[in-house]
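In my numbering, the protein residues as written are 592 to 846. The structure under discussion appears below in the form of structure tokens.
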């Protein structure tokens with residue numbers, strides 16, 4: 592029996608680097624999963640692959656930064672998860688690497704809409720379906736715990752997400768709902784690689800090497816290392832854990 596057998600889960604950012612791993616690992620652990628992301632083609636491929644392996648997975652294309660997207664997700668969950676949610680894994684997010692004085696109001700609003708406001712909206716939509724309690728897992732960042740130069744808007748959004756998680760943990764505890772934030776360091780997924788790719792090839796390689804060296808373990812994390820923590824937080828093994836902001840960063844924030 593898997594660690595999540597019978598649990599109904601929503602996973603956002605399903606077609607990204609960590610999202611693909613999360614959908615597979617949650618399903619392998621016995622969860623019945625609705626995954627969501629913007630990329631419908633990639634999502635349908637994921638749906639076909641997981642269902643071909645006999646796993647319970649449904650994909651819905653939706654923009655979590657819009658009220659319409661939130662409605663699509665909650666409506667799909669009601670239909671495909673029998674109206675009951677046990678786990679909400681807010682895995683989505685975008686990154687903005689730009690000095691404070693160069694950041695536009697539109698860029699500020701966009702990253703807060705995607706990385707913070709969407710979690711608030713999705714939490715409000717899903718909590719009424721957590722009739723037997725549940726677990727909400729929010730992916731923040733090491734940048735929620737320490738300053739990252741040239742990334743003030745991103746750090747503000749992820750820092751806000753961390754404090755939202757703590758506040759939500761207090762508000763939702765009487766309902767039997769736990770809320771925790773995961774704060775990853777640099778993880779080897781397409782997102783950071785695309786970020787570094789904005790530099791020249793030589794500069795990108797040097798920047799990635801330097802960034803890896805800022806972690807005690809001198810490497811980027813692997814997506815499955817983060818997802819394994821999420822599985823624990825989603826499972827009944829973590830029933831005394833709520834309101835936590837957990838670094839999983841190879842020692843980055845311990846410097």
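C-beta: ideal position from N, C-alpha, C; glycine also. Computed from a predicted structure; not experimentally measured.
query, result
"Alpha carbon to alpha carbon, how far is residue 739 from residue 746?", "7 Å"
"Terminal residues of the continuous alpha helix (DSSP H) containing residue 785?", "781-787"
"For a test of the three-state rule: what should DSSP assign to residue 694, helix, strand or coil?", "coil"
"Report back the beta-carbon spacing between residue 840 and residue 811 to the nearest angstrom; my notes put them in contact at under 8 Å.", "Rounded, the Cβ-Cβ distance is 10 Å, inconsistent with contact."
"What's the gap between the Cα of residue 798 and the Cα of residue 830?", "40 Å"
"In three-state terms, what does DSSP make of residue 736?", "coil"
"Out of 784, 668 and 813, which has the shortest C-alpha to C-alpha gap to residue 716?", "668"
"Which residues share a DSSP beta bridge with residue 601?", "625 and 679"
"If you draw a straight line from the C-alpha of residue 719 to the C-alpha of residue 826, how long is it?", "20 Å"
"Kindly indicate which three-state DSSP category residue 841 falls into: helix, strand or coil?", "coil"
"Can you check which of these residues, 695, 690, 686 and 721, is closest to residue 705 by C-alpha distance?", "686"
"Ends of the alpha helix (DSSP H) at residue 773?", "Element bounds for residue 773: not the alpha helix (DSSP H) but the beta strand (DSSP E), 768-775."
"Within 10 angstroms of the Cβ of residue 631, are there 16 or more other Cβ atoms? Answer buried if so, exposed if not.", "exposed"
"Straight-line CA distance for residue 594 to residue 726?", "14 Å"
"Residues in its own chain within less than 7 Å of residue 879 by CB, not counting five upstream and five downstream?", "Look at the range of the chain in this structure, 592 to 846, and you will see that residue 879 is not part of it."
"Quick check on residue 657: does DSSP put it in helix, strand or coil?", "coil"
"Determine which residues share a DSSP beta bridge with residue 729 and list them.", "681 and 772"
"Is it the case that the Cβ atoms of residue 703 and residue 603 are separated by a distance below 7 Å?", "no"
"Distance, Cα to Cα, residue 629 vs residue 801?", "32 Å"
"What does the Cβ neighbour count give for residue 681, buried or exposed, with the cut at 16 atoms within 10 Å?", "buried"
"Quick check on the burial criterion: 16 or more other C-beta atoms within 10 angstroms. Buried or exposed for residue 731?", "buried"
"Name, in chain order, the residues that DSSP records as bridge partners for residue 724.", "722"
"If you reduce the DSSP assignment to three classes, tell me which class residue 686 lands in.", "coil"
"Excluding the 5 residues preceding and the 5 following residue 808 in the sequence, name in chain order all residues of the same chain whose CB lies nearer than 7 Å to its CB.", "841 and 842"
"Would you identify the three-state DSSP class for residue 710, choosing helix, strand or coil?", "helix"
"Using the beta-carbon count (16 or more within 10 Å), is residue 691 buried or exposed?", "exposed"
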